[in-house]
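Chemist:
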Amino acid sequence: LDWLVGEPVRLVTLFVTVGALTITPYLVGRCAQEHAISSLKHRDVRQVGQWLATHVPPGTVVAQTNWDNFPHLFFEAPHCRFLNGFDPTASYVVDPARFWRWHHLVREGMWCDQPSCPEPRDTPKDLAVALATLLRREFAADYLAVIGRWPSATFKALAEDPRLFEPVFRTPSSAVYRVRSLPEPPRR
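Residue numbering for the sequence shown follows my numbering, beginning at 872 and increasing consecutively.
In structure tokens form, the structure reads like this:
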């Protein structure tokens, strides 16, 4: 190490070289991992889009949980109408309460139409009915497409309620559900 003393250029060169040798394998591995995940997700989005293109009539409303899937789904099934085509904040401008109901159901599995909510008091069955009602009555959605990671474990349980959601297409990491018709609420 005596060769470093009094030579700042050598010291900087040593640090840059060691840093590059240390970080390069990490960056290469991280890029490979991201590429693999991206390729799997793209495959799933494409398969879901192709299924929609061949199995649903024009004008069908499809709710998808991740708005970043919209361009790929629209490319594969342009005859469908998708619930989340823009940044979710665009739907906030149209109807803030409806935005918060969708946001909290998808992210936390709870029914709430405010920005912050108390602990959920509904049972999972009540929430499943709330999700189906929101999709059918407020969004006129016929299908629910979940691609990749589920937004929340509670949401997965809600969407897999066979009374309200019929699984019609699956891949190892994606699912499409037909939202069943809901009975009319009792009149008072």
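Beta carbons: idealized from backbone N, C-alpha and C, even for Gly.
Note that the structure is predicted; figures quoted are calculated from it, not measured.
Entirely within the stretch 982-1016 and at least 4 residues each: give me those alpha helix (DSSP H) ranges in chain order.
Modeler: 995-1004
Chemist: Since V1050 is in the beta strand (DSSP E), which residue starts that stretch and which ends it?
Modeler: Residue mapping note: residue 1050 aligns to position 179 of the sequence shown, counting from 1. S1045 to V1050 is the extent of the beta strand (DSSP E) around V1050.
Chemist: If you follow the alpha helix (DSSP H) that R978 is part of, which residue opens it and which one closes it?
Modeler: Along the sequence shown, read from residue 1 onward, the residue named residue 978 stands at position 107. Looking at the DSSP string, the run of the alpha helix (DSSP H) that includes R978 is P967 to R978.
Chemist: Distance, Cα to Cα, A968 vs D939?
Modeler: As a position in the sequence shown, residue 968 is number 97, starting the count at 1. As a position in the sequence shown, residue 939 is number 68, starting the count at 1. Looking at the two C-alpha atoms, the distance is approximately 22 Å.
Chemist: Considering just the uninterrupted stretch of the beta strand (DSSP E) at P929, what are its terminal residues?
Modeler: Looking up residue 929 in the sequence shown gives position 58. No beta strand (DSSP E) contains P929, which DSSP labels as neither H nor E.
Chemist: Buried or exposed: which applies to Q935, given that a residue is buried once 16 or more other Cβ atoms fall within 10 Å of its Cβ?
Modeler: Against the sequence shown, residue 935 aligns to sequence position 64. Answer is buried; the Cβ neighbour count reaches 16.
Chemist: Quick check on the burial criterion: 16 or more other C-beta atoms within 10 angstroms. Buried or exposed for G930?
Modeler: Locating residue 930 in the sequence shown gives position 59, where the first residue counts as 1. That one is exposed.
Chemist: If we ignore side chains and look at the alpha-carbon of each, how far apart do E1031 and V1017 end up?
Modeler: Within the sequence shown, residue 1031 is the residue found at index 160, counting from 1. Within the sequence shown, residue 1017 is the residue found at index 146, counting from 1. Looking at the two C-alpha atoms, the distance is approximately 11 Å.
Chemist: Are F970 and G956 closer than 7 Å when you measure CB to CB?
Modeler: Sequence index remark: in the sequence shown, residue 970 carries index 99 (1-based). Sequence index remark: in the sequence shown, residue 956 carries index 85 (1-based). No, Cβ-Cβ distance for F970 and G956 is not below 7 Å.
Chemist: Can you tell me the Cα-Cα spacing of V1000 and R1007, whole angstroms?
Modeler: Numbered from 1 along the sequence shown, position 129 holds the residue referred to as residue 1000. Numbered from 1 along the sequence shown, position 136 holds the residue referred to as residue 1007. Those two C-alpha atoms are separated by around 10 Å.
Chemist: Check each candidate in L1029, V1039, A1046 and P1033 and name the one with the smallest Cα separation from R1020.
Modeler: Numbered from 1 along the sequence shown, position 149 holds the residue referred to as residue 1020. The shortest Cα separation from R1020 among L1029, V1039, A1046 and P1033 belongs to A1046.
Chemist: Mind checking H913: buried by the 16 CB within 10 Å criterion, or exposed?
Modeler: Stepping through the sequence shown from its first residue, residue 913 is reached at position 42. It counts as exposed.
Chemist: Report the residue from V964, Y963, V919 and H975 whose alpha carbon sits nearest the alpha carbon of T948.
Modeler: By 1-based counting over the sequence shown, the position of residue 948 is 77. It is worth fixing the name first, because residue 948 is Ala in this sequence and not Thr. Closest by alpha carbon: V919.
Chemist: Can you grab the Cα-Cα spacing for the pair T960 / D966, in whole Å?
Modeler: As a first step, residue 960 must be located in the sequence shown, where it is residue number 89. As a first step, residue 966 must be located in the sequence shown, where it is residue number 95. Cα to Cα, T960 sits roughly 10 Å from D966.
Chemist: So R972 packs on S1023, CB below 8 Å; how close in whole Å?
Modeler: What you label residue 972 is simply residue 101 of the sequence shown in a count that begins at 1. What you label residue 1023 is simply residue 152 of the sequence shown in a count that begins at 1. For R972 against S1023, the beta-carbon gap comes to about 15 Å, at or over 8 Å, which does not count as contact.
Chemist: I need the straight-line Cα distance from A1012 to P1043, nearest angstrom please.
Modeler: Looking up residue 1012 in the sequence shown gives position 141. Looking up residue 1043 in the sequence shown gives position 172. Going from the Cα of A1012 to the Cα of P1043 covers about 24 Å.
Chemist: Taking all protein chains shown into account, do 16 or more other C-beta atoms lie within 10 angstroms of the C-beta of V927, making it buried, or fewer, making it exposed?
Modeler: In the sequence shown, residue 927 corresponds to position 56, counting from 1. With 16 or more other Cβ atoms within 10 Å, it is buried.
Chemist: Secondary structure at R952, three-state DSSP: helix, strand or coil?
Modeler: As a position in the sequence shown, residue 952 is number 81, starting the count at 1. Of the three classes helix, strand and coil, the one that applies to R952 here is strand, per DSSP.
Chemist: Tell me the rounded alpha-carbon separation between A903 and T884.
Modeler: Sequence index remark: in the sequence shown, residue 903 carries index 32 (1-based). Sequence index remark: in the sequence shown, residue 884 carries index 13 (1-based). At A903 the pLDDT is 48, less than 50, meaning the model places this residue with poor confidence and gives no usable figure here.
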